[in-house]
Amino acid sequence: MALDRWIALIILGICLAYGYAAFFTMDQLLPPFMQRNPIWPSTFPKVLSVLAILTALIIVLGLEKPADEANTPDIDYRRLGDYHIYKALSLLGLMVLYALMLRPAGFILATIGFLAGGAIILGERKFHYLIPITALATGIVWYLVEGVLGIFLRPWPFFLG
Amino acid sequence: MIEGLLIGLSTAFSVTNLLMVIGGCLIGTFIGMLPGLGPMSIIAIMIPVAITLGDPSAALILLAGVYYGAIFGGSTSSILLNAPGVAGTVASAFDGYPMARKGMAGKALTIAAISSFLGGTIGALLLMVFAPMLSTVALLFHSAEYFALMVVGLSAIAAFAGTGNVAKAILMTLLGLIMATVGEGALFNMPRFTMGLMDLQSGFSFITLAMAMFALPEAIFLVLHPKRTATEGDGSTGKITGLRISRDEARKIAPVIGRQSVQGFFIGVLPGAGATIASFLGYAVERNLATEEEQKEFGKGSIKGLAAPETANNAACTGSFVPLLTLGIPGSGTTAILLGALIALNVTPGPRLMVDSPEIFWAVITSMFIGNLVLLVLNLPLIPYIAKVLSIPRNYLIPFILFFTLMGSYIGQNNATELLILVGFGICATILRFADYPLAPLLIGFILGRMLEDNFSRSMQLYDGASFIIDRPMTLGLLMIAALLVIVPSYRARRAKARRQGVAEGD
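Here it is as structure tokens:
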């Protein structure tokens, strides 16, 4: 089975769970005075879940005929090993690390680390350019966000206050 | 009207107000270029500055300039980075970004600047003529019509889906609508589908979703396959050339700009519709009107596909001032913030504004013309420099795109969990792109979902059931248009297929 049908199957599962919640669990929480309303909080989700389940089934069962001209996606997922998959995964890992470190390490250290780390993962080795550029960019962004926009971003690690 | 226009001209052409327009446009353009900061947040940031000015005309002129600048700046990041920070410029990325990838970033930005200018200027002309009349039309629209209008907007997904992709596009739209139901809605005041998580109480953030659907997969694709864009003449390998558009191209986009200025303006007038629906509908309508050859170009770098949403969103921005200035009803989040600023300055917009403070009303309209002109004059010479973003080395550009994506999402919510949600959605979006699922319909569904449900619920309550569909002819008419929007492209495709088969068989 092609990837698009596998995905439709997963979405079908999500829609079934969503539909189950809409049809069987939401209305129990409804206060009695709202039960006389023509519309309940579950009405729209019920309609959506039925439509989504039907559409997902059309894809899973392959009822829609594929296009005549073969679509050429940007990247062939069957040959993922041929691409720089490890670099992409490392960058995603770095983003997760940034999300986790932003508060404890402070904006400036976390951001310099993220920008420099990202460039190093992509193959940058000219550290004498890299570090000053990332430090300067981090400083400018921090000033714009904190000074101009007035959104608080703790610049330094938590133990420095 | 002439008298009013003269009052407006004398107010808007004072040195202070001219500086306000120029300053507003510049600030709006530069901040609007940062993905994640839309006109709403920029205007909100500028309100304290505007209020300290003290003069309501100057304040409103400054904020209107910021508004236009932000919309144009948003288009720039859509076209160059595929990172639309504003819902109204999502449609500009559909064809603007493929053009930039083909090495036509300069041309794409020129088309965007000219379309925006003409859309905004024609919109301002229409505003001047129709403002008093349109207020009565907008009053005829009830929630039932808004619901139907949004269904029309969603049906336009048929225009985004190619042959054999209709079910995928509809499924993505429904998924977007489903995601919009997560969190606490305005109408029911109870959390839905939050799974007990506090972070989901206010639903998913639009900015996070927009970044995850567009900017993040794009950056991942750039990492996975660096040669993919280089072979197509990306700005990183070539120079930004070809800013000029040829006479033939100008002839092609002229009718698009004409149609979309008018259509965008009228959609902008309707409260709640605004630049987003205008740009999506504009794109869909132009795709359906295009010849079969041109239709194949849509989504791959069509100049018509870029000119349509760019014209429509600027015309709609102008149109959204109609309900604000004539009725005192804000038609969009941005005009709601403008209304707040005006009230803070002791001005109450409404039907009396034209009579009590004509100088404010007309100065705003005149400043729209000046603002559009300033944007064009400022941006056209700056385009080669703006487009230089693409010539930054990839090793630096990609971490910076990822960083701005993260910051855009963080600034909106001030919550580190949002960043994890962003990465999660980004991975899902990348997998969906591998399988050729269109992502734009998901975002459209998400943006319109809440409004669609609210208007549907209100109509159901008012009519005690679904009878509003038959009782209100305008609703029925709009729903029929929605059905046509879905049926016509598939009918055309079937006919074309039959014709091709006929040719192959020697008919």
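Taken in order, these protein sequences are the chains called A and B. Counted the way full-length UniProt numbering counts, the first sequence spans residues 1 to 161. Counted the way full-length UniProt numbering counts, the second sequence spans residues 1 to 507. Note that the Cβ used here is the ideal one computed from N, Cα and C, for glycine as well.
To the nearest angstrom, report how far apart residue i and residue j are at their CA atoms.
i: B:I470; j: B:F147; result: 14 angstroms
i: A:I133; j: B:T276; result: 37 angstroms
i: B:G88; j: B:G28; result: 15 angstroms
i: B:T76; j: A:G150; result: 25 angstroms
i: B:S78; j: B:A112; result: 11 angstroms
i: B:M195; j: B:I401; result: 32 angstroms
i: B:S116; j: B:S14; result: 25 angstroms
i: A:L109; j: A:L92; result: 19 angstroms
i: A:K46; j: B:L154; result: 18 angstroms
i: B:L306; j: B:S320; result: 21 angstroms
i: B:I411; j: B:L6; result: 43 angstroms
i: B:I337; j: B:T348; result: 13 angstroms
i: B:V285; j: B:G258; result: 13 angstroms
i: A:L102; j: B:V256; result: 46 angstroms
i: residue 162 of chain A; j: B:G176; result: With chain A represented from 1 up to 161, any question about residue 162 of chain A goes unanswered, as that position is not in the structure.
i: B:V129; j: B:F361; result: 13 angstroms
i: B:G4; j: B:F30; result: 33 angstroms
i: B:I178; j: B:L222; result: 30 angstroms
i: B:G301; j: B:P217; result: 19 angstroms
i: B:V364; j: B:I22; result: 14 angstroms
i: B:F265; j: B:A312; result: 7 angstroms
i: B:G65; j: B:F369; result: 10 angstroms
i: A:V141; j: B:M46; result: 18 angstroms
i: residue 542 of chain B; j: B:A50; result: The shown model of chain B, from 1 to 507, leaves out residue 542 of chain B, and the question about it has no answer.
i: B:A344; j: A:G13; result: 50 angstroms
i: B:A210; j: B:I421; result: 12 angstroms
i: B:E418; j: A:K126; result: 33 angstroms
i: B:A230; j: B:P393; result: Its pLDDT being 42, under 50, B:A230 is placed unreliably in this model, and the value from its coordinates should be taken loosely. Computed Cα separation, rounded: 12 angstroms.
i: B:T405; j: B:A498; result: 45 angstroms
For residue i, which three-state DSSP category applies?
i: A:R125; result: coil
i: B:M104; result: coil
i: B:G183; result: strand
i: B:R192; result: strand
i: A:D76; result: coil
i: B:T291; result: coil
i: B:M198; result: helix
i: A:W142; result: helix
i: A:L30; result: coil
i: B:D464; result: coil
i: B:I487; result: helix
i: A:T25; result: helix
i: B:S205; result: coil
i: B:F404; result: helix
i: B:L325; result: helix
i: B:Y396; result: helix
Kindly indicate the opening and closing residues of the alpha helix (DSSP H) around residue i.
i: B:T17; result: The sequence as given places Asn at residue 17 of chain B; Thr does not occur at that position. First-last of the alpha helix (DSSP H) with B:N17: V15 to G32.
i: B:G305; result: I303 to G319
i: A:I7; result: L3 to Y20
i: B:G73; result: P56 to L81
i: B:M354; result: L353 to D356
i: A:L94; result: I85 to A105
i: A:D82; result: Neither: A:D82 is in no alpha helix (DSSP H) and is coded neither H nor E.
i: B:Y146; result: S143 to S155
i: B:P255; result: R247 to V269
i: B:F425; result: A416 to F434
i: A:G150; result: Segment: none, A:G150 is in no alpha helix (DSSP H) and carries neither H nor E.
i: B:P217; result: L216 to L224
i: A:K46; result: T43 to V60
i: A:E64; result: Counting along the chain, A:E64 falls outside any alpha helix (DSSP H), and DSSP gives it neither H nor E.
i: B:T11; result: I2 to A12
Query raised in the report: Pairing CB atoms from the segment 32-42 of chain A with CB atoms from the segment 55-62 of chain A, are three or more of them under 8 angstroms?
Result: no
Query raised in the report: Are the segment 471-491 of chain B and the segment 204-220 of chain B touching by the rule of at least three beta carbon pairs closer than 8 angstroms?
Result: no
Query raised in the report: Can at least three beta-carbon pairs, one atom from the segment 302-318 of chain B and one from the segment 121-131 of chain B, be found at a separation below 8 angstroms?
Result: yes
Report task. Please list the residues of the segment 81-101 of chain A that have a C-beta atom closer than 7 angstroms to any C-beta atom in chain B, keeping them in chain order. Result -> Y83, H84, I85, K87, A88, L91, L92, M95, V96, Y98 and A99
Report task. Evaluate contact between the segment 84-102 of chain A and the segment 110-123 of chain A, counting only Cβ atoms and requiring at least three cross-stretch pairs below 8 angstroms. Result -> yes
Query raised in the report: So, do the segment 74-93 of chain A and the segment 349-364 of chain B have three or more beta carbon pairs nearer to each other than 8 angstroms?
Result: no
Query raised in the report: Between the segment 98-106 of chain B and the segment 47-65 of chain B, are three or more C-beta pairs nearer than 8 angstroms?
Result: no
Query raised in the report: Between the segment 183-202 of chain B and chain A, which residues of the former have a C-beta closer than 7 angstroms to a C-beta of the latter?
Result: F188, M190, R192 and F193
**Report entry** the segment 393-415 of chain B: positions lying closer than 9 angstroms to chain A by Cβ
**Finding:** P393, R394, N395, Y396, I398, P399, F400, L402, F403, F404, T405, L406, M407, Y410, I411 and N414
Query raised in the report: Which of the residues in the segment 447-462 of chain B, read from start to end, lie with their CB under 7 angstroms from any CB of chain A?
Result: E453, F456, S457, M460 and Q461
Report task. Note down, in chain order, all residues in the segment 32-43 of chain A with a beta-carbon under 9 angstroms from any beta-carbon belonging to chain B. Result -> M34, N37, P38, I39, W40, P41, S42 and T43
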